[in-house]
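Taken in order, these protein sequences are the chains called A and B. Counting from 1, one number per residue, gives the positions in the first sequence under this note's numbering. Counting from 110, one number per residue, gives the positions in the second sequence under this note's numbering. Remarks on the structure that follows.
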Amino acid sequence: GENVEQHPSTLSVQEGDSAVIKCTYSDSASNYFPWYKQELGKRPQLIIDIRSNVGEKKDQRIAVTLNKTAKHFSLHITETQPEDSAVYFCAAGYSTLTFGKGTMLLVSP
Amino acid sequence: GAVVSQHPSRVICKSGTSVKIECRSLDFQATTMFWYRQFPKKSLMLMATSNEGSKATYEQGVEKDKFLINHASLTLSTLTVTSAHPEDSSFYICSALIATSGTYEQYFGPGTRLTVT
Chain A
1 GENVEQHPST LSVQEGDSAV IKCTYSDSAS NYFPWYKQEL GKRPQLIIDI
51 RSNVGEKKDQ RIAVTLNKTA KHFSLHITET QPEDSAVYFC AAGYSTLTFG
101 KGTMLLVSP
Chain B
110 GAVVSQHPSR VICKSGTSVK IECRSLDFQA TTMFWYRQFP KKSLMLMATS
160 NEGSKATYEQ GVEKDKFLIN HASLTLSTLT VTSAHPEDSS FYICSALIAT
210 SGTYEQYFGP GTRLTVT
């Protein structure tokens with residue numbers, strides 16, 4: 001089955017800095033790579049996703065890159081704000097998803 | 110947008126009793142829903158895939174007789190935790206799958222906090 005590794009487990013940045021979270025996956029058949037943001041006690045919210053036919057996708061301050069050859073994908077958040085503080089999960093798969101262990105992002109004012 | 114509801118949001122039950130959790134897709138039909146379990150500060154662990162009109166597919170290590178899943182309609186899946194024990198206390202989250210032109214997206218319910226005393 002699919003195995004997803006996510007790093008780092010925690011990330012602390014100053015407001016305005018950029019944050020990068022990286023994930024690797026093992027199953028070359030996976031072709032869907034979403035990122036979810038989860039605030040404490042709440043549901044995971046889909047923030048951006050990328051599919052295997054695209055190398056990069058951007059939505060305002062958030063971007064995701066995908067390298068299928070190396071089987072890794074990354075989330076980039078620019079100009080971080082305190083409200084970006086949350087746990088971020090990457091996932092890989094097709095209809096069924098395997099999730100990474102999560103990254104707790106803390107943005108300090 | 111795709112909205113998924115879950116009920117109840119919190120439940121406290123005594124050891125040995127059963128608890129039913131409902132997951133509903135409010136503005137779309139979902140032939141496939143997923144049930145996850147999440148421990149504090151941990152990731153989402155897939156328990157089972159629920160398919161409308163057929164038996165659920167359970168992940169390895171998940172007891173199907175303990176976690177009963179029923180997907181009786183295109184908008185409702187239920188998870189029943191039978192003979193609950195304190196170790197079953199957890200955050201249970203469902204998601205519904207939207208398939209559009211060969212692509213898939215999962216949208217999550219708000220979760221149910223189960224506490225077994």
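Glycine included, C-beta positions come from ideal geometry on N, C-alpha and C.
Self-check item: Endpoints, beta strand (DSSP E) assigned at B:Arg-119
Solution: By one-based count along the second sequence, residue 119 of chain B stands at place 10. That run of the beta strand (DSSP E) goes 119-122.
Quiz prompt | Nearest-angstrom Cα separation, counted from B:Ser-204 out to A:Asn-53 | solution = Indexing the first sequence from 1 puts residue 53 of chain A at position 53. Indexing the second sequence from 1 puts residue 204 of chain B at position 95. Rounded to the nearest whole angstrom, the C-alpha separation of A:Asn-53 and B:Ser-204 is 25 Å.
Quiz item: With 16 as the cutoff for other CB atoms within 10 Å, does B:Phe-148 come out buried or exposed?
Solution: Position 39 of the second sequence, counting from 1, holds the residue named residue 148 of chain B. It counts as exposed.
Exercise. Go ahead and pull the three-state DSSP assignment for A:Pro-34.
Key: As a position in the first sequence, residue 34 of chain A is number 34, starting the count at 1. Strand.
Quiz item: Between which two residues does the beta strand (DSSP E) harbouring B:Arg-222 extend?
Solution: By one-based count along the second sequence, residue 222 of chain B stands at place 113. Segment 221-225, the beta strand (DSSP E) holding B:Arg-222.
Practice problem: Check each candidate in A:Lys-71, A:Lys-42, A:Gly-16 and A:Glu-83 and name the one with the smallest Cα separation from A:Ala-91. | Solution: Here residue 91 of chain A refers to the residue found at position 91 when the first sequence is read from its first residue. For A:Ala-91, the nearest C-alpha among the options comes from A:Lys-71.
Practice problem: Using a Cβ cut-off of 9 Å, pull out every chain A residue sitting near B:Glu-214, in sequence order please. | Solution: By one-based count along the second sequence, residue 214 of chain B stands at place 105. Around B:Glu-214, the beta-carbon contacts reaching into chain A at under 9 Å are Tyr-32, Pro-34, Leu-46 and Asp-49.
Quiz item: Expressed to the nearest angstrom, what Euclidean distance is found between the alpha-carbon atoms of A:Lys-86 and B:Gly-218?
Solution: Numbered from 1 along the first sequence, position 86 holds the residue referred to as residue 86 of chain A. Numbered from 1 along the second sequence, position 109 holds the residue referred to as residue 218 of chain B. The sequence given here has Ala at residue 86 of chain A, not Lys. Cα to Cα, the separation comes out at about 18 Å.
Quiz item: Which residues in chain A sit within 7 Å of B:Pro-117, going by Cβ to Cβ distance?
Solution: The count along the second sequence starts at 1 and reaches residue 117 of chain B at position 8. By Cβ distance, chain A contributes nothing, its closest Cβ being about 14 Å from B:Pro-117, past 7 Å.
Practice problem: Report whether the distance from the Cβ of B:Glu-168 to the nearest heavy atom of the ligand FAD is below 7 Å. | Solution: Absent from the structure shown: the ligand FAD. Ligands present: none.
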